[in-house]
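In our numbering, the protein residues as written are 4 to 458.
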RNA sequence: GUGGGUGUAGCUCAGCUUGGUUAGAGCGCCUGGUUGUGGUCCAGGAGGCCGGGGGUUCAAGUCCCCUCACUCACCCCA
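See below:
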């Protein structure tokens, strides 16, 4: 029988102690920021009924839903009836549709959780990843849109990510753009996809793409001219303004930008060709980028129609998500963090020199722990040399030795691993000593932000 | 799904162009350097169907074909 492949499925990761601790600190900072902005936590199941997810993300997105086959007697049918959640927005919409009357209105909620996409993995792209999602359900005011953007920016600042740009656009402005350049409605979505690539392939590339997608020559020529202008945004905006619906979108963008306070230090730009893939957006859409990554690190927008798909009443809503893995990728590169290391060790690692001492050492450990000191009792076998090496690698502050000599004297020997200094004290003295020394160091993984993970 | 690249020790890789003795390095790992002392140092050691299959050849890690995996770009996305 061949050995099983023990690598995790592509697009997923095993997280080692240092990774988990860094993520935990990051979560805590983001969560804290969201709560200070008035968002409340919510949790939903990892999987949903399939029909809750279908018809929400557009054709492209629909292909990427991880489906779960029917089980039991229906397994042979090969059909799926459940699916892993694709994002956190649709589950929220379902919750609002189901419990709306019991929830505050507007309902501001955050959720930090894994989502799954049957995608081809790549750099900064996973099949299982964590979204930090915030939404405001039941508010049509642009104050809600602004609040979402500000909370996301603040959360990024809280974890030390600087240099983020907000790219803003509006679905109505996009419709206006399509109409203003005389692109047939049916080609609209396709044309916008091509336009969205402007930053990557330039005006010429966009023109080629547009032609390939069947856009008429005069429309392509007009767009190419505007995209090549000294100020492409101004040129496109001028054209979009000629369309009534486009005007609605442009005005909304201006209004939203005016709501973002200068004090927040947000770098916002209007990007008239920003499209966003998800099907459910209706008004403002935005994307957050960072120079270190070729993909967005956060995105969101207004989706006034989504919740209504689940119930009788339409409920306006707006939200956005941070992509945690992408953010950690950037932070890791900026701060030179190494993945896969060990976490911070225990305060004290107690050696067991002779198996016959085990009961005595475990009892000492219990007493020290009840005095508030973290103690790990060595649980393998081996000579002192090996146990001290283990203590060192685990990053323990102190090693505790209590063999026959100490036991006879009712004492313990404590060795500080960094300095190599050691002293033999009574247990009471040891508690006082350890409390003092551990307090000087500022305790364990609290208090530090920015995520240092040396090991 | 289309094109390019890479698969050799636990990890990072050399060797392949110009087939030819026991396939190497660094790091890591293990064991010693006498009694109960780690992180440094010294000395030893373990570990490789050279991704898999087929072919050419007296001979293949090295050349050819197929296949799988990973990876970059396209596409799409947090």
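Think of the CB as a built atom: it goes at the ideal place given N, C-alpha and C, for glycine as much as any other residue.
What you are looking at is a predicted structure, and each value in this text was computed from that prediction instead of being measured.
Taken in chain order, the complete alpha helix (DSSP H) segments of 4 or more residues contained in the stretch 10-53 are 20-39. Contact annotation: residue 213 and residue 223 have beta-carbon atoms nearer than 8 Å. Excluding residues up to 5 positions away in sequence, 96, 97, 100 lie with their Cβ nearer than 7 Å to the Cβ of residue 313 in the same chain.
Annotation: residue 67 to residue 58 spans about 12 Å, alpha carbon to alpha carbon. Excluding the 5 residues flanking it on each side, residue 158 has same chain C-beta neighbours closer than 6 Å at 33, 36, in chain order. In its chain, beyond the 5 residues on either side, 351, 378, 434 have a beta carbon closer than 7 Å to the beta carbon of residue 371. Note on residue 155: 16 or more other CB atoms within 10 angstroms of its CB, so buried under the neighbour-count rule. In the DSSP assignment, residue 300 falls outside any beta strand (DSSP E) and carries neither an H nor an E. Spatial neighbours of residue 84 in its own chain (CB-CB distance under 6 Å, excluding positions within 5 residues in sequence) are listed in chain order as 53, 73. Positions of the beta strand (DSSP E) runs, each at least 3 residues long and wholly inside the stretch 75-123, are given as 83-87, 110-119 in order along the chain.
Distances from the alpha-carbon of residue 387 to those of 307, 395, 356 put 356 closest. Residue environment analysis places residue 203 among the exposed positions, since fewer than 16 neighbouring C-beta atoms fall within 10 angstroms of its C-beta.
Taken through DSSP and simplified to helix, strand or coil, residue 377 comes out as coil. Sixteen is the threshold: when 16 or more other Cβ atoms of the shown chains lie within 10 Å of the Cβ of residue 147, as they do, the residue is buried. DSSP, reduced to helix, strand and coil, places residue 320 within a strand of the structure shown.
Ranked by Cα distance from residue 361, the first of 375, 383, 321, 286 is 383. Below 8 Å, enough C-beta pairs join the stretch 9-17 and the stretch 122-135 to call them touching: three or more. Residue 137 has 113, 323 as its beta-bridge partners, per DSSP. For a cut-off of 8 Å, the C-beta gap from residue 140 to residue 318 is around 6 Å, short enough to register as a contact.
According to the DSSP assignment, residue 443 belongs to no beta strand (DSSP E) but to the alpha helix (DSSP H) extending over 430-443. Non-local beta-carbon contacts of residue 419 in its own chain, meaning distances under 8 Å to residues more than five positions away in sequence, involve 400, 401, 425, 440 in chain order.
In the DSSP annotation of this structure, residue 347 is not part of any beta strand (DSSP E), being labelled neither H nor E. By the Cβ neighbour-count rule, residue 189 is exposed, with fewer than 16 other Cβ atoms within 10 Å of its own. Going by DSSP, residue 203 is part of the alpha helix (DSSP H) stretching over 201-215. Membership of residue 151 in any beta strand (DSSP E) is not indicated; the residue belongs instead to the alpha helix (DSSP H) covering 145-161.
Of the residues assessed, residue 22 falls on the buried side of the cut-off, its CB having 16 or more other CB atoms within 10 angstroms. In the DSSP assignment, residue 71 is bridged to 85. When secondary structure is reduced to three states using DSSP, residue 269 falls in the coil class, being assigned neither helix nor strand. Distance from the CA of residue 258 to the CA of residue 63, rounded to the nearest whole angstrom, comes to 32 Å. Following the DSSP letters along the chain, one finds residue 351 inside the beta strand (DSSP E) bounded by residues 351-353.
For the stretch 392-434, the full-length beta strand (DSSP E) segments reaching 3 residues or more read 401-404, 414-419, 425-429 along the chain. If you look at residue 190, you'll find it isn't in any beta strand (DSSP E); DSSP assigns it neither H nor E. Boundaries of the beta strand (DSSP E) around residue 292: 287-292.
Non-local C-beta neighbours of residue 436 in its own chain, meaning closer than 8 Å and more than five positions away in sequence, comprise 417, 426, 428, ordered along the chain.
Our two residues, residue 94 and residue 45, have alpha carbons roughly 10 Å apart in a direct line. Pairing residue 168 with residue 242, the inter-Cα distance amounts to about 25 Å.
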